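Protein chains in written order, with numbering that gives the first Met the number 0: chain G, 0 to 335; chain Z, 0 to 335.
Ideal Cβ placement from N, Cα and C applies to all residues, glycine included.
Because the structure is a prediction, the values reported are computed rather than measured.
Read through the structure below, which is laid out as structure tokens, and then see the notes.
Protein chains: 2
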Amino acid sequence: MKTLRNKFVLLAITLVGLTTAYAQNSLPSWNDGPAKKAITEFVAKVTKEGSSDFVPPEERIATFDNDGTLWCEQPLYFQLLFALDRVKALAPQHPEWKTKEPFASLLKGDVKGALAGGEHAMLEIIIVTHAGMTTAEFETIVADWIATAKHPKFKRPYTECVYQPMVELLAYLRANGFKTFIVSGGGIEFMRPWTEKVYGIPPEQVVGSSIKTKYEMRDGKPVLMRLPEMNFIDDNTGKPVGINSYIGRRPIAAFGNSDGDQQMLEWTQAGDGARLCMLVLHDDAKREYAYGPAQGLPDTKVGTFPQALYDKAKKQGWTVISMKDDWKTIFAFEKN
Amino acid sequence: MKTLRNKFVLLAITLVGLTTAYAQNSLPSWNDGPAKKAITEFVAKVTKEGSSDFVPPEERIATFDNDGTLWCEQPLYFQLLFALDRVKALAPQHPEWKTKEPFASLLKGDVKGALAGGEHAMLEIIIVTHAGMTTAEFETIVADWIATAKHPKFKRPYTECVYQPMVELLAYLRANGFKTFIVSGGGIEFMRPWTEKVYGIPPEQVVGSSIKTKYEMRDGKPVLMRLPEMNFIDDNTGKPVGINSYIGRRPIAAFGNSDGDQQMLEWTQAGDGARLCMLVLHDDAKREYAYGPAQGLPDTKVGTFPQALYDKAKKQGWTVISMKDDWKTIFAFEKN
Chain G
0 MKTLRNKFVL
10 LAITLVGLTT
20 AYAQNSLPSW
30 NDGPAKKAIT
40 EFVAKVTKEG
50 SSDFVPPEER
60 IATFDNDGTL
70 WCEQPLYFQL
80 LFALDRVKAL
90 APQHPEWKTK
100 EPFASLLKGD
110 VKGALAGGEH
120 AMLEIIIVTH
130 AGMTTAEFET
140 IVADWIATAK
150 HPKFKRPYTE
160 CVYQPMVELL
170 AYLRANGFKT
180 FIVSGGGIEF
190 MRPWTEKVYG
200 IPPEQVVGSS
210 IKTKYEMRDG
220 KPVLMRLPEM
230 NFIDDNTGKP
240 VGINSYIGRR
250 PIAAFGNSDG
260 DQQMLEWTQA
270 GDGARLCMLV
280 LHDDAKREYA
290 YGPAQGLPDT
300 KVGTFPQALY
310 DKAKKQGWTV
320 ISMKDDWKTI
330 FAFEKN
Chain Z
0 MKTLRNKFVL
10 LAITLVGLTT
20 AYAQNSLPSW
30 NDGPAKKAIT
40 EFVAKVTKEG
50 SSDFVPPEER
60 IATFDNDGTL
70 WCEQPLYFQL
80 LFALDRVKAL
90 APQHPEWKTK
100 EPFASLLKGD
110 VKGALAGGEH
120 AMLEIIIVTH
130 AGMTTAEFET
140 IVADWIATAK
150 HPKFKRPYTE
160 CVYQPMVELL
170 AYLRANGFKT
180 FIVSGGGIEF
190 MRPWTEKVYG
200 IPPEQVVGSS
210 IKTKYEMRDG
220 KPVLMRLPEM
230 NFIDDNTGKP
240 VGINSYIGRR
250 PIAAFGNSDG
260 DQQMLEWTQA
270 GDGARLCMLV
280 LHDDAKREYA
290 YGPAQGLPDT
300 KVGTFPQALY
310 DKAKKQGWTV
320 ISMKDDWKTI
330 FAFEKN
């Protein structure tokens, strides 16, 4: 048994070594440039046994924001578009919504008006669309929506609006012994039904915002009811808290695209040894969207990348990924 | 690249197949009997491709309670013994404790008196021993204690007071493609510093109770401060909540030893397909402890296994593991 296992381990190490050599070519949607170079040099460094930068595989934790980092977040966060679709679907059961904000505006198609009520309006929308059902029921609702809904601009399922270079990066890191995690401000149970299929990230490696749940017996069968109460907001200073709570290890690489990711990158960088911190800059209005407002891009209020964050990135040695310059392909469907 | 990966996958599958055959012999500390049989039959069933009970590897989630299931929990939960040692270590900085309960009793060695204050007393002890420092500082405190403190009866480090049959079971399940998780009422950050070394369970697969933390800058470096406020209690109905929150998938196998594990076993069993639910019964006063009070064992109030749970186990088809009858060896140090 012992000998067999040793042989297996040896074999696995050899094969990982070989795949590392091949992996240089496994980022085909990345243009040669500073971003791709930062990635491949970092990976070469931390995987080289005997090097002072070597990191054992179990500590190769990489965390990724989702909205705007792994998939598109315009014209609105997709989870918000999901909530709007849910409000429409539920409206027949709620005649009172016709005159009650934020629902009245929403049902008239006036999203801006609905969200004028700020956090309170948003919370009301979340409660009616995300709570009051079991976790299993919510999973089905999300899975059904994600299988059928289409992005208003790209006319594609939302799960096709994922960034091909980032999907390659996830696979490249995993081929080099990394464990890849999502650490998103989005809802944890909104992501889990599809992240394994789309990103190769299993549910247990998804960290996100959550509402409280309660264990109950219903007709003699246990269920988890989703309650109308926030449990955890995994954004800004919440991201290091979520990383510590769910992963319990500090990442050595972190990827984001907005000021909601700043603390995750700070926390990642503050550890000992080599670190890779990257921010995606949405500067490609033609193929995706251009917003920021770093470098004078327009401020859409979704996924805000202020100039101050851009300056901080430069100062800290974080790499800014220009979608326009660094990505040969943005979406896999472009090739069709 | 593609061909190489395919070869690797094929090879890995072949080797997993071979190790499965060997694995029948990899539970040497288990006596042949109904408990060992339940384990090996279940594993054979869910790993057999083409069988109606087959479960793909990514869904082979197994969850283990810690106190009384993976390691000893008498004469008191080890985390409580840790807290008592911390109170003694901190006492010189707190002269007021000499007259203030629950500390006054504790410092006189009267644990029972200290805990007479119930939950409030317990919370006060937790706050002074577990909060008010950074996560990194707490990790060092735990690591130092676990490296030096010894069990009062066995005169061994606490990490040697782990059940050898369960350590073998964890390895056996992993050799069969399972991902093993701890789901414990104990503190998540009390366990993470040592579970990887002792059980082969990495920090990101440890679910437990927690206090809140807060992200702060201290001398320009980010830290997570441990706050004197409970965040989550991972016990009883909290266990399915914790499983859903941290793992996001329902286990197919679950292991516990007390009424705090009942809901985890119910939740596990309520899924579709083959399930393995087991409870460790502490009925070996000679080699470990005998308490329960199932089957007339004394009630120590720690790790309570009431007769009602025993009856429920029989009714539900959960397997009760008798430490006396099913375990050839309890602790690895017995062999010395």
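Of all the CB atoms in chain G, is at least one closer than 9 Å to the CB of Leu-80/Z? Chain G places no beta carbon closer than 9 Å to that of Leu-80/Z, leaving this residue out of the contacts.
Mind checking the region 206-224 of chain G against chain Z and listing, in chain order, the residues whose C-beta falls within less than 7 Å of any C-beta there? So the close ones are Ser-209, Thr-212, Tyr-214, Lys-220, Pro-221 and Leu-223.
For Asn-243/Z, which residues in chain G fall below 7 Å Cβ to Cβ? Thr-134, Thr-212 and Leu-223
Please name the residues in the region 231-265 of chain G whose beta-carbon is closer than 7 Å to at least one beta-carbon of chain Z, in chain order. Thr-236, Pro-239, Val-240, Asn-243, Ser-244, Tyr-245, Ile-246, Gly-247, Arg-248, Gln-262 and Glu-265
Is Thr-62/Z near Ala-252/Z, with beta carbons less than 9 Å apart? yes
Determine the burial state of Arg-286/G: buried for a count of at least 16 other Cβ atoms within 10 Å of its Cβ, exposed for fewer. exposed
Pick helix, strand or coil for Gly-67/G, following the three-state DSSP scheme. coil
Residues near Leu-264/G in its chain [Cβ-Cβ closer than 7 Å; skip 5 each side]: Ala-253, Gly-255, Cys-276 and Trp-317
Please report whether the beta-carbon of Lys-99/Z lies at a distance below 9 Å from any beta-carbon of chain G. no
Out of Thr-328/G, Phe-81/G, Ala-115/G and Lys-327/G, state which residue places its alpha-carbon closest to the alpha-carbon of Thr-128/G. Taking the Cα of Thr-128/G as reference, the smallest distance to any Cα among Thr-328/G, Phe-81/G, Ala-115/G and Lys-327/G is reached at Phe-81/G.
Assuming Arg-249/G and Thr-134/G are in contact, meaning their beta carbons sit under 8 Å apart, how far apart are those beta carbons, in whole angstroms? In fact, because the Cβ distance is near 29 Å, the residues do not count as touching under 8 Å.
Thinking C-alpha only, which one of Arg-155/G, Phe-137/G and Lys-314/G is nearest Met-190/G? Taking only the C-alpha atoms, the option nearest Met-190/G is Phe-137/G.
Taking 9 Å as the CB-CB limit, is Arg-274/Z close to chain G? no
Runs of beta strand (DSSP E) wholly within the region 46-114 of chain Z (minimum 3 residues, chain order): 60-63
Who are the neighbours of Glu-203/Z on chain G, taking C-beta pairs under 9 Å? Ordered by position in chain G, the residues that pass the 9 Å Cβ test against Glu-203/Z are Ile-60, Lys-178, Phe-180, Glu-203, Gln-204, Tyr-245, Ile-246, Gly-247 and Arg-248.
DSSP on Ile-320/Z, reduced to helix/strand/coil? strand
Pop quiz: Val-205/Z and Ile-181/Z are said to be a contact at Cβ under 8 Å. What is the actual Cβ separation, rounded to whole angstroms? 5 Å
Counting only beta-carbon separations shorter than 9 Å, does Glu-195/G have a partner in chain Z? Yes - at least one Cβ of chain Z is within 9 Å of the one on Glu-195/G.
In whole angstroms, what is the alpha-carbon distance linking Val-319/G and Ala-146/G? 33 Å
Run the CB neighbour count on Ala-20/Z, radius 10 Å, all protein chains shown included, and call it buried at 16 or more, exposed below. Model confidence at Ala-20/Z stands at a pLDDT of 48, short of 50, so the residue's coordinates are unreliable and nothing is read from them.
Taking just the CA atoms, how far does Leu-122/Z sit from Ala-362/Z? Residue 362/Z falls outside the range modelled here, since chain Z spans only 0 to 335, and no answer is possible.
Check whether chain Z comes within 9 Å of Asn-188/G, counting only Cβ atoms and requiring the distance to be less than that. Correcting the residue identity first, residue 188/G is Glu in this sequence and not Asn. Yes, contact with chain Z.
Chain-ordered chain Z contacts of Ala-269/G [CB-CB under 7 Å]: Under the 7 Å cutoff, chain Z gives Lys-220 and Pro-221.
Whose CA, out of Gly-207/Z, Arg-85/Z, Asn-30/Z and Ala-37/Z, lies closest to the CA of Leu-278/Z? Ala-37/Z
So Ala-120/G and Pro-101/G are supposed to be a Cβ contact under 8 Å. How far apart are they, rounded? 4 Å
Top-ranked residue by Cα proximity to Gly-199/Z, from Ile-187/Z, Lys-220/Z and Arg-173/Z: For Gly-199/Z, the nearest C-alpha among the options comes from Arg-173/Z.
Report yes or no: is there a C-beta of chain Z within less than 9 Å of the C-beta of Arg-173/G? no
Confirm, please, whether the CB-CB distance from Asp-258/Z to Ala-34/Z is below 9 Å. Contact: no.
Rounded to the nearest angstrom, what separates Met-322/Z and Ile-329/Z at their Cα positions? 7 Å
Please tell me whether Glu-159/G has its Cβ less than 9 Å away from any Cβ of chain Z. Among the CB atoms of chain Z, none fall inside 9 Å of the CB of Glu-159/G.
Taking only beta-carbon positions, decide if Glu-57/Z is within less than 9 Å of chain G. Interface residue, yes.
For Phe-304/G, which beta-bridge partners are listed by DSSP? Pro-292/G
Start and end of the beta strand (DSSP E) containing Val-141/G? Premise fails: Val-141/G lies in the alpha helix (DSSP H), 134-147, not in any beta strand (DSSP E).
DSSP bridge partner residues for Cys-276/G (one or two, in chain order): Ala-253/G
Answer with yes or no whether the minimum CB distance from Arg-85/G to chain Z is below 9 Å. no
Rounded C-beta distance between Ser-208/Z and Ile-242/Z? I'm assuming under 8 Å. Not really, about 14 Å apart at Cβ, beyond 8 Å.
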